[in-house]
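Numbering (the working numbering), first residue to last: 126 to 240.
Think of the CB as a built atom: it goes at the ideal place given N, C-alpha and C, for glycine as much as any other residue.
These figures come from a predicted structure and were not determined experimentally.
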């Protein structure tokens with residue numbers, strides 16, 4: 126399975142971006158999908174995940190600002206990011222977990238939030 130993320134860019138603090146991740150096969154085949162990020166000089170961290178049952182989980186730092194969405198018809202997941210802060214600057218990765226393939230990562234997309 127391949128994942129392709131897009132939508133990153135440069136935005137001012139308080140602005141919004143929408144990240145997209147398209148999978149090479151039906152996303153309903155995945156047990157869990159999610160977004161992770163790696164800020165400059167820091168470890169990877171979870172941003173948001175969703176299970177096949179629709180349960181979502183958000184990092185405390187993004188609750189109320191970021192929203193996870195999915196479109197099964199387009200084999201895509203999205204991350205709507207509002208009220209962006211400089212500390213949201215990171216490379217964002219989408220990931221998918223399935224019984225057949227384990228965990229797969231997309232190549233990442235850079236989000237830069239200027240103050």
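- A Cβ-Cβ contact shorter than 7 angstroms links residue 149 with residue 126.
- Going by beta carbons, residue 218 and residue 145 fall outside the 7 angstroms limit.
- In this structure, residue 156 sits near residue 223, with a CB-CB distance shorter than 7 angstroms.
- Annotated three-state conformation of residue 154 is helix, per DSSP.
- Following the DSSP letters along the chain, one finds residue 130 inside the beta strand (DSSP E) bounded by residues 128-131.
- Taken atom to atom, the span from the alpha-carbon of residue 200 to that of residue 152 is near 5 angstroms.
- Excluding the 5 residues flanking it on each side, residue 184 has same chain C-beta neighbours closer than 6 angstroms at 171 and 172, in chain order.
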